[in-house]
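Undergrad: Before I ask anything, let me first share the structure, which is written out below as structure tokens.
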Amino acid sequence: MFLLIKNCLPLALNAMKKKLFLIAILSTIIFEVFSQSTNRKIYFLADTINISQPNRLLKIETISFFEHHFTFFCKCTPPYKSYTTFSYIDKKGDKKAEIVFKKPDHPYISFKELMDISAEHNRYIDNSYDLYITEVLPGNKYRTNKVKFVPYRIPIDDSVIIKEKQ
Amino acid sequence: MLKPRIAVLTFILATIVMVYSCKKNIEQNEQNDVISQLETTFNSQKVNGLSLAGKFADAGLNPAWKNAIIKKNRANKPLIIIPLKNTANFYAEMDVVLSKGCINSIVKKYTLNANNTVTLDIFRPSGVLIMSGLYHSKYKKFTPNQSPVPNISLFSPNNQLSQQVSLGQSLNLLSERLVSLHTNKLMGNSGGGGSTDNPEDECPPGTICLDDVTISAPAPSPDEDPGIDIPDLPPAGPIDYFPTDPTIPTGNETSSEPPTIEVKQDSLQKYYPCMVKEVLKKLESNQTYGKLVQPFQKIQLPNGTTLGMQGLPNLKYDFSAQDYGVGTTNYSLGTTGDYAGTSSTIKFNTAAMTNASQLLLQATAIHETGHAYANYYIKAGQYGFPVDTTRYSTWAINIVNFESVAKSSAQGGGNFNDHSIFLEEYFENFWGILKAVNGSAYTDKEYQMAALFGLNNPGPAPQSPVIGGVNVYEIYKGMLTQSFNNIKTKYGITDAELNTFNLANLKNVPVNKKLPATCP
């Protein structure tokens, strides 16, 4: 087993590292370009505790141990193939959001306002806005996290074009 | 006047003390009865014809029934903690929860490591390791290892690995090195494990607050349950918390065999059983391919249920209708998508499963599983838990900037990143798996051409590929094409050969090379 792993180390590693370095540089350029402006802070109150299930606008779920999703039941953002979703990640070393007993006094925007903003900016919303979602927890507790837009990822389609007449 | 009042007061106080004392005695007697019943049940258990108590004793674990304590867990169910072993750097206990009439139990082992960290390993009473990780004594929290659970048995001689897999920190857990101990507060009679008074406070970043983790598994049936009256059959579904509450159904622990492991096949198994039997199952027998599916493996318990935990990486195999040369020259064999954290769904093309060769379907399974693995790999790094490339990685690649790669992947689809990695790092393994599975049925060149299928496809262009006047997508595409051409040159494969090979394996494929029509 371990020999197999060692054999996985091809000589091309250095070349690959160079390519990945280039990818990282290009990616950095992309995101630096889009992160120049001062973002406007907006807040949304996500209540799944006091709203009956059929009337809920969203679901809150932990999709991995570290990643948490707020999925709004609205395909409101291009390319309109998936529900509009925001997420936050509890990374190693990150400070965990504080849980408070009083609803934070933020100017919360409505569901419609949030969807309008999402539709307008979609995957680039994080370049214009810092969205904070305050989650209502059981026992009248509240937790606020800064979230990021989760862009729709086109499924990877593995195909080839065949020349049928040669 | 004063004396009668004092007498009345004294009488009332004496009555309260007596009632409280009697109640406490009754409770104590009830607790002793429960522990006594549990001891009887434990001593009557057999594993492969051998006494379970004997197996525990052979491993140096002796239940101290007299020191057992009962307390209420967070779900207000009785939790019985039986100490098993307590040395300078080692503590083990058996935790039993009586829930809805069923006994659920686990064995927890805490080992002080040389670097003063504490490893917590959780076993089923049958000896199967369920979970392993680091225990933070200060916070009473647990960080499970991200790597697959090593196949270690509680009862193996000298606690050796029963198979040579994933040597991790868990190997240290049974070493008896004498080191100075300053975290042994957790090893007191309180049981040392898991619960805190304030679950929300100070859970260190990157750790899991155990009380949030649930196990989903059907409860054991009354016939299988070994002891203590069962008033009614509890419903299936999440049954308890873990591991503050032991939650694995004990069933009839008659086997010490390690659990079988399988990848979820879902509806593919139902509608395309031959794809599962002839392609996926055959590939799973290959050790190199096994590394690809390792992160997604489910642990199947001997009683037929599956150990599932929210948040674990999951890989689902499914199917869908995709392009296959009707009105187009595009032939798709499969897709990978529906990403959710570290989880993915693979959809094989229904037309391909009917028309393509088994060789190309095998290549597709490896290829798509590679995409799922790459997503898992990048996400794990993004979460701050990069896969240890020296031990657990399928391909030894170090992506340092997971954020950038993950973001660029989201922008342009994952094909460029993944296909680059396949070509640069994994191609030898890729066609090596095909050769190992099929032997001399095909030539090396055919295996190489099958492995190349679709690897030059960079995926769709992002919405805005031009950044600062530079078309980033075109740069990506050019790099990928170069890698693809390098492989073709290395193995002496021409474009015409590749096209002919693809045609022969996609259209008019002989029946004996396709999947069989039925798979009993």
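Residue numbers (my numbering), protein chains in the order written: chain A, 1 to 166; chain B, 1001 to 1520. Using N, Cα and C, we set each Cβ at its ideal position, and we do this for glycine too.
(1) Return the Cβ separation of B/Val1107 and B/Leu1084 in integer angstroms, given the expectation that the two are a contact with Cβ distance under 8 Å.
(2) Beta-carbon of A/Ile162 versus every beta-carbon of chain B: anything under 8 Å?
(3) Once DSSP output is grouped into helix, strand and coil, what is the label at A/Thr38?
(4) List the endpoints of the continuous beta strand (DSSP E) containing A/Asp158.
(5) Quick one: is A/Phe101 near chain B, going by C-beta distance under 8 Å?
(6) Looking at the unbroken alpha helix (DSSP H) that takes in B/Leu1480, where does it start and where does it end?
(7) Does the Cβ-Cβ distance between A/Ile125 and A/Ile133 come in under 8 Å?
(8) With H, G and I counted as helix, E and B as strand and the rest as coil, what does DSSP make of A/Phe65?
(9) Below 8 Å CB to CB, which residues in the same chain sit around B/Pro1516 once its five sequence neighbours on both sides are set aside?
(10) Please identify the residue among B/Ala1436, B/Ser1267, B/Glu1497 whose C-alpha is closest to the C-alpha of A/Ile162.
(11) Nearest-angstrom Cα distance between B/Leu1038 and B/Lys1109?
(12) Below 8 Å between beta carbons is the criterion; list the residues of the stretch 1325-1353 of chain B that meet it against any residue of chain A, in chain order.
(13) For B/Ala1451, count neighbouring C-beta atoms within 10 Å of its own C-beta (all shown protein chains included) and say buried if the count is 16 or more, exposed if not.
(14) With a CB to CB cut of under 6 Å and the five nearest residues on each side skipped, what residues in its chain are close to B/Ile1069?
(15) List, in order along the chain, the chain B residues whose C-beta lies closer than 7 Å to that of A/Phe66?
(16) Give the DSSP-derived three-state secondary structure of B/Ile1070 in the structure shown.
(17) Does DSSP classify A/Tyr83 as helix, strand or coil?
(18) Using CA coordinates, which residue listed in A/Lys148, A/Phe66, A/Arg143 is at the minimum distance from A/His121?
(19) Looking at chain A, is there any beta carbon in it that lies within less than 8 Å of the beta carbon of B/Pro1460?
(20) Where does B/Asn1062 fall in DSSP's three states?
(21) Classify B/Val1511: buried if its beta carbon has 16 or more other beta carbons within 10 angstroms, exposed otherwise.
(22) Mind the definition here: the stretch 87-105 of chain A touches the stretch 139-154 of chain A only if three or more C-beta pairs lie below 8 Å; say whether that holds.
(23) What are the boundary residues of the beta strand (DSSP E) that A/Glu135 is part of?
(24) List the endpoints of the continuous beta strand (DSSP E) containing B/Lys1445.
(25) Along the beta strand (DSSP E) that carries B/Gly1334, what are the first and last residues, could you check?
(26) Just list the residues that DSSP pairs A/Ala46 with in beta bridges.
(27) Examine chain B for any beta-carbon lying closer than 8 Å to the beta-carbon of A/Asp157, and answer yes or no.
(28) Can you confirm whether A/Arg40, when its beta carbon is compared against all beta carbons of chain B, has any partner nearer than 8 Å?
(29) Just verifying my parser: in three-state terms, what is the DSSP assignment at B/Leu1079?
(30) Could you run through the stretch 1499-1511 of chain B and flag, in chain order, every residue whose CB is less than 7 Å away from some CB of chain A?
(31) If you reduce the DSSP assignment to three classes, tell me which class A/Arg123 lands in.
(32) Rounded to whole angstroms, what is the Cα-Cα separation between B/Val1293 and B/Leu1315?
(33) Can you tell me whether B/Ile1006 is buried or exposed? The criterion is at least 16 other CB atoms within 10 Å of its CB, across all chains shown.
(34) Assign B/Ala1092 to one of three DSSP states: helix, strand, or coil.
(35) At what residues does the alpha helix (DSSP H) containing B/Ile1366 begin and finish?
(36) Only counting the same chain, and skipping five residues up and downstream in sequence, which positions put a Cβ closer than 6 Å to that of A/Arg40?
TA: Inspection of the coordinates gives the following:
(1) Indeed they touch by this definition, with Cβ atoms about 7 Å apart.
(2) Interface residue, yes.
(3) Looking at A/Thr38 - three-state DSSP - the assignment turns out to be coil, as it is neither helix nor strand.
(4) First-last of the beta strand (DSSP E) with A/Asp158: 156-161.
(5) Interface residue (Cβ-Cβ distance to chain B less than 8 Å): A/Phe101 is not classified as such.
(6) Run containing B/Leu1480: 1472-1491, per the alpha helix (DSSP H) assignment.
(7) Cβ distance not < 8 Å, so A/Ile125 and A/Ile133 don't count as in contact.
(8) Here A/Phe65 sits in coil by DSSP.
(9) Excluding residues up to 5 positions away in sequence, Cys1274, Glu1278 lie with their Cβ nearer than 8 Å to the Cβ of B/Pro1516 in the same chain.
(10) Of the candidates B/Ala1436, B/Ser1267, B/Glu1497, the one whose C-alpha sits nearest the C-alpha of A/Ile162 is B/Glu1497.
(11) One C-alpha to the other measures close to 20 Å.
(12) The residues in question are Gly1325, Thr1329, Asn1330, Tyr1331, Ser1332, Leu1333, Gly1334, Thr1335, Thr1336, Gly1337, Asp1338, Tyr1339, Ala1340, Gly1341, Thr1342, Ser1343, Lys1347.
(13) B/Ala1451 is buried by the Cβ-count criterion.
(14) Only residues of its own chain outside the window of five on either side were considered, and among them Ile1081 have a CB closer than 6 Å to the CB of B/Ile1069, listed in chain order.
(15) Ordered by position in chain B, the residues that pass the 7 Å Cβ test against A/Phe66 are Tyr1383.
(16) The answer is strand: DSSP assigns B/Ile1070 an E or B state.
(17) The answer is coil: DSSP assigns A/Tyr83 none of H, G, I, E or B.
(18) The shortest C-alpha to C-alpha distance from A/His121 to any of A/Lys148, A/Phe66, A/Arg143 is the one to A/Lys148.
(19) Interface residue, yes.
(20) Here B/Asn1062 sits in coil by DSSP.
(21) The residue in question, B/Val1511, is exposed, as its Cβ has fewer than 16 Cβ neighbours within 10 Å.
(22) Between the stretch 87-105 of chain A and the stretch 139-154 of chain A there are three or more inter-stretch CB-CB distances shorter than 8 Å, so the stretches are counted as touching.
(23) A/Glu135 -> beta strand (DSSP E) spans 129-137.
(24) Counting along the chain, no beta strand (DSSP E) covers B/Lys1445; the unbroken alpha helix (DSSP H) around it starts and ends at 1444-1451.
(25) Counting along the chain, the beta strand (DSSP E) containing B/Gly1334 begins and ends at 1330-1340.
(26) According to DSSP, A/Ala46 bridges with A/Glu135.
(27) Interface residue, yes.
(28) Output row for A/Arg40: interface = no.
(29) In the three-state reduction of the DSSP assignment, B/Leu1079 falls in the strand class, which pools E and B.
(30) Hits within the stretch, in order: Asn1499, Asn1502, Leu1503, Leu1506.
(31) A/Arg123 falls in the helix class under three-state DSSP.
(32) If you draw a straight line from the Cα of B/Val1293 to the Cα of B/Leu1315, it comes to about 8 Å.
(33) Classification for B/Ile1006: exposed.
(34) Judged by DSSP in its simplified three-state form, B/Ala1092 adopts strand.
(35) Going by DSSP, B/Ile1366 is part of the alpha helix (DSSP H) stretching over 1358-1382.
(36) Excluding positions up to five away in sequence, the list reads Tyr129.
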